[in-house]
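Have a look at the structure below, then the notes.
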Amino acid sequence: MPSAPRNGLPTRNGSPVNGSPVSTAAPLVRAADILPSVPASDAMGHTALGAVLADRTVLLTGAGGSIGTQLSRHLADLRPRHLVLVDVSEYNVFRLEQALHRAAPGVPVTCLIADVRDADRMASLFATHRPDLVIHAAAYKHVPLMERHPIEAFRNNTRATAGLLRLAEAHGAEQFILVSTDKAVEPSGVLGYTKRLAEWYVASATPPLAGKVVRFGNVFGSQGSVVPLFREQILRGGPVTLTHPAMQRFFMSTEAACRLVLQTIGLDEASIFVLRTEPVSILWLARRMIEHLKPWTPGPVAIEYVGLRPGEKLTERLWEPEERPVPTAHAGILGLDGPPPPPRADLDALFDRIEALCRTGRAEAVREALRQSLQDVAVPRTA
């Protein structure tokens with residue numbers, strides 16, 4: 495059994511399984527080890543994007559998460575006039591500040607502990623820093639947890655997004671990019687409802703602010719991803735728990751996710767952008783990971799089916815039936831052309847009604863209101 499990390503990857507100590515110790519040198523699992531290649535080449539080169547950001551202030555929320563951290567590093571490499579990084583976690587902000595101090599000396603970076611749900615704090619932050627570009631990545635993303643916490647999901651994913659967009663409009667920002675999810679397409683649960691409503695609000699941005707959305711699939715190995723869970727289950731000797739043998743998901747590497755966001759800055763063919771990719775069978779993924787980690791497991795690893803959890807679907811899509819994919823300047827990215835969003839006034843009224851329900855603490859009523867919300871506001875249809 496190997497006793498040293500492969501490819502220079504970090505290792506972690508195992509624990510005994512059925513009296514036999516798991517290897518202490520099991521590698522982390524990278525997207526490149528498992529997935530088919532994902533397009534991630536530059537459409538707008540590093541030099542050109544750096545020139546765009548050189549005289550601009552960039553604000554990134556959710557900057558301390560697994561994706562936000564990598565995105566922060568990429569943005570720092572581009573050397574904007576000022577980079578403002580916001581996260582609600584004290585530990586994440588401390589870790590990020592230390593990392594960028596070492597990796598990007600001389601880049602004007604401000605790391606702030608702040609909650610995007612705190613309207614007064616956000617108003618002060620925008621007034622102080624007046625960002626030209628806002629990348630909003632802060633969100634709750636865990637499907638079953640959001641089913642149990644619809645009030646928190648609405649306030650964090652929807653209401654906070656609306657508040658940030660209005661601040662971006664009021665302070666003369668040029669672009670507002672929302673990091674969304676394929677769960678927002680034909681949503682079947684709280685996470686999808688809240689992100690779809692947030693997408694609509696961003697699409698209602700008033701010029702000259704350009705509101706843009708990037709829809710992620712599952713980011714391989716990110717916090718809350720199935721990949722770390724599968725790895726842990728495999729190294730314990732199993733079983734690996736799958737919801738259904740037919741389940742499929744779209745996957746992307748962290749690097750591809752970051753490049754999708756950055757390249758969107760220079761794209762104007764649409765207001766919603768997705769990576770050109772194909773769905774992956776979760777059963778295939780589990781089998782690939784079991785094979786990849788076989789040298790570090792105590793024996794055969796079984797697969798166990800546990801059924802769909804609340805809010806989950808067997809398959810996801812990257813666009814709605816009424817949305818039409820269009821090519822962009824980047825061969826690996828598609829724009830989505832669709833109907834305009836509901837009127838801003840209708841969305842504001844809807845959000846006020848749901849917030850009133852939130853204040854009652856009735857989670858089930860909020861969950862039902864979110865489900866009904868997509869029918870409560872009319873989406874104008876194109877001729």
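Residues 495 to 877 (this note's numbering) are what the sequence shown spells out, left to right. The beta-carbon is built from N, C-alpha and C at its ideal position, and this holds for glycine as well.
| Asked | Found |
| --- | --- |
| For residue 514, which residues in the same chain have their Cβ closer than 7 angstroms to its Cβ, ignoring the five residues on either side in sequence? | Confidence is the limiting factor: at residue 514 the pLDDT is only 43, short of 50, which leaves the residue's position unreliable, though a coordinate-based value still follows. So the qualifying residues of the chain are 792. |
| Please name the residue, chosen from 648, 734, 763 and 641, that lies closest to residue 780 on a Cα-to-Cα basis. | 734 |
| Between the alpha carbons of residue 505 and residue 727, how many angstroms are there, rounded? | The predicted position of residue 505 is uncertain, since its pLDDT is 32 and thus under 50; a value taken from the coordinates is nonetheless stated next. Approximately 16 angstroms, taken between the alpha carbons. |
| Checking 7 angstroms against the spacing of the C-beta atoms, do residue 631 and residue 598 come in under that value? | no |
| Exposed or buried, what is residue 711 when buried is set at 16 or more other beta-carbons lying within 10 Å of its beta-carbon? | buried |
| By DSSP, does residue 807 sit in helix, in strand, or in coil? | coil |
| Is it true that the stretch 574-589 meets the stretch 542-553, where meeting means three or more beta-carbon pairs spaced less than 8 angstroms apart? | yes |
| Going by DSSP, which residues form a beta bridge with residue 798? | 735 |
| State the DSSP-derived secondary structure class of residue 716, mapped to helix, strand or coil. | coil |
| CB-CB under 7 angstroms to residue 870, same chain, minus the five flanking residues each way: which ones, in chain order? | 844 |
| Candidates 797, 788, 761 and 764: which alpha carbon is nearest residue 777's? | 797 |
| Return helix, strand or coil for residue 635, following the three-state DSSP convention. | coil |
| Pull up the CB-CB distance for residue 544 and residue 572, whole angstroms please, since I reckon it's below 8 angstroms. | 5 angstroms |
| Using 8 angstroms for Cβ pairs, my map puts residue 814 next to residue 680. What's the rounded Cβ distance? | 7 angstroms |
| Go ahead and label residue 585 buried or exposed: buried means 16 or more other beta carbons lie within 10 angstroms of its beta carbon, across all protein chains shown. | exposed |
| For residue 682, which residues of its own chain have a beta-carbon under 7 angstroms away from its beta-carbon, when the five flanking residues on both sides are left out? | 805 and 807 |
| Closest to residue 822 by CA distance: which of 786, 526 and 754 is it? | 754 |
| Look up residue 598 in the DSSP assignment and say whether it is helix, strand or coil. | coil |
| Out of 717, 657 and 866, point me to the one whose CA is closest to residue 620's CA. | 657 |
| Check this for me: beta carbons of residue 640 and residue 685, under 7 angstroms apart or not? | yes |
| Taking one C-beta from the stretch 687-698 and one from the stretch 746-764 each time, how about it: are there three or more such pairs within less than 8 angstroms? | no |
| Taking buried to mean at least 16 other C-beta atoms within 10 Å of its own C-beta, is residue 803 buried or exposed? | exposed |
| So for residue 551, helix, strand or coil by DSSP? | strand |
| Just to confirm, is the Cβ distance from residue 887 to residue 765 under 7 angstroms? | Any property of residue 887 remains undetermined from this structure, which presents the chain solely from 495 to 877. |
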